[in-house]
Every structure is written in structure tokens, then in C-alpha cells.
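First the structure, in the form of C-alpha cells, and then the observations on it.
Numbering (my numbering), first residue to last: 239 to 413.
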């Protein structure tokens, strides 16, 4: 998202009246959860949440604004509004910078988002069946599958651009 914008224009507007540091932080999270209880699928929820935060540091104070509208015009307006809190001379933003991707300790070979929801429903159904097969005394089973894929991008003064992708999964069974 930020990589597709002229972030240097937004950061220049943010630091136009001063400030020691300016930053844009984009985050997008796609999530899904499947819950099975009492032998039936109770809930399947999915969604996407995205937004951009703008941070300005000026004279040992931090100022912050956030929006879910991820377009350059909205960001420029927010940056100009936030810049009113800065004091001192303007600072030119030195972007675009060379993008840096964070490296995690592991590689996700198969993205959970690439699998159909039906496969995840079948997974919790199978876990329910296995749990109930352990003992006749087991009367209640709750199986839950959850996943989230998070993507972040950071553009900051002076000349910083970084991105990361994080994958989270959860499978739990309670008897």
C-alpha cells in the first residue's frame, strides 16, 4: 500500500513545520475463525481490517493520527493537520528509500489463506470426531481454528522503508 504511494510527499507535509521524526505505518490483517461446538459448526467469521497511522515526534512529544481511508489525499490532509503540533523549522523528507523486508525465523510454505474455508471446517469436524472417539465419557467438545495474515509497511524520515508479512494460525480442542 505505502509502496504504491508518494510517501515522501506525505512525510514532507508532516514535517513541514518542524519535528524530529515522522512515520507512516500501514497495517492490513485478514482473519478467519471456525468454531465447532456441540457437534455442529457454530460460527465462521472472516474479515479484513486495514489502516494507516501517522506519527510525528517534536520536542519530546509524540502526536498520532489514524485513518482507515488508505488514499494519498486523506493521508496528506492528516499529515498537514498533524504538522500544526510541530515547532521549529521544516525538515525535508528523504524518500523514496530502498525497501527492506524483515526476515522472520521461519518460512510459511502454504499460506492459510490459499486453502478453502471448507477444508478448515473439515479440520475442526475431524478434531471433534477424534476427541469424541477417545472416550464415551466425553460429552462436550469445542474445536476452534483461527488464522490471521498481517502485512505491515513503514515509511519514515529520513529515508526508511520497511515491510513485513506475518502469519498466525491456531487449532485448539477442549473436552
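Here a beta-carbon is modelled for each residue, glycine too, at the ideal position from N, C-alpha and C. All of these numbers come straight from a predicted model, not from anything done at the bench.
Let me check understanding here. Comparing Cα to Cα, which of 351, 381, 305, 367 lies closest to residue 270?
Among 351, 381, 305, 367, the Cα nearest to that of residue 270 belongs to 351.
If we define contact as Cβ-Cβ less than 7 Å, is residue 300 a contact residue for chain D?
Looking at the structure shown, chain D is missing, and only one protein chain is on hand.
Using CA atoms only, rank isn't needed, just tell me which of 249, 309, 279, 255 is closest to residue 239.
Closest option to residue 239, Cα to Cα, is 309.
Going by beta carbon distance, what residues of the same chain come within less than 6 Å of residue 287, once the five residues before and after it are set aside?
Result list for residue 287: 267, in chain order.
Taking the alpha-carbon positions, what's the residue 324 to residue 281 distance?
Going by the C-alpha atoms only, they are around 48 Å apart.
Please report how far the alpha carbon of residue 410 lies from the alpha carbon of residue 272, in whole angstroms.
Between residue 410 and residue 272, the C-alpha separation is close to 11 Å.
On a Cα-Cα basis, can you pick out the residue from 265, 408, 258 that is closest to residue 395?
Considering only alpha carbons, the answer is 258.
Classify residue 362 as buried or exposed, calling it buried when 16 or more other Cβ atoms lie within 10 Å of its own Cβ.
By the neighbour-count rule (16 or more Cβ atoms within 10 Å), residue 362 is buried.
Going by other Cβ atoms of all chains shown within 10 Å of its Cβ, with 16 needed for buried, is residue 372 buried or exposed?
Exposed is the call here.
Could you tell me the alpha carbon to alpha carbon distance between residue 278 and residue 402, rounded to whole angstroms?
Between residue 278 and residue 402, the C-alpha separation is close to 37 Å.
Tell me where the alpha helix (DSSP H) around residue 315 begins and ends.
Unbroken alpha helix (DSSP H) run through residue 315: 310-321.
Could you tell me the alpha carbon to alpha carbon distance between residue 294 and residue 253, rounded to whole angstroms?
Distance between the alpha carbons of residue 294 and residue 253: 8 Å.
Looking at the unbroken alpha helix (DSSP H) that takes in residue 249, where does it start and where does it end?
Residue 249 -> alpha helix (DSSP H) spans 245-252.
At the level of alpha carbons, what is the spacing between residue 303 and residue 317?
Computed Cα separation, rounded: 8 Å.
My output table needs one value for residue 403: the three-state DSSP class, helix, strand or coil.
Reduced to three states, the DSSP call for residue 403 is strand.
What does DSSP give as the partner residue(s) for residue 391 in the beta ladder?
264, 401, per the DSSP bridge assignment.
With burial defined as no fewer than 16 other Cβ atoms inside 10 Å of the residue's Cβ, what is the status of residue 284: buried or exposed?
Looking at its Cβ environment, which holds fewer than 16 other Cβ atoms inside 10 Å, residue 284 is exposed.
Let me check understanding here. Comparing Cα to Cα, which of 248, 320, 306, 346 lies closest to residue 387?
When each option's Cα is compared against that of residue 387, the closest is 346.
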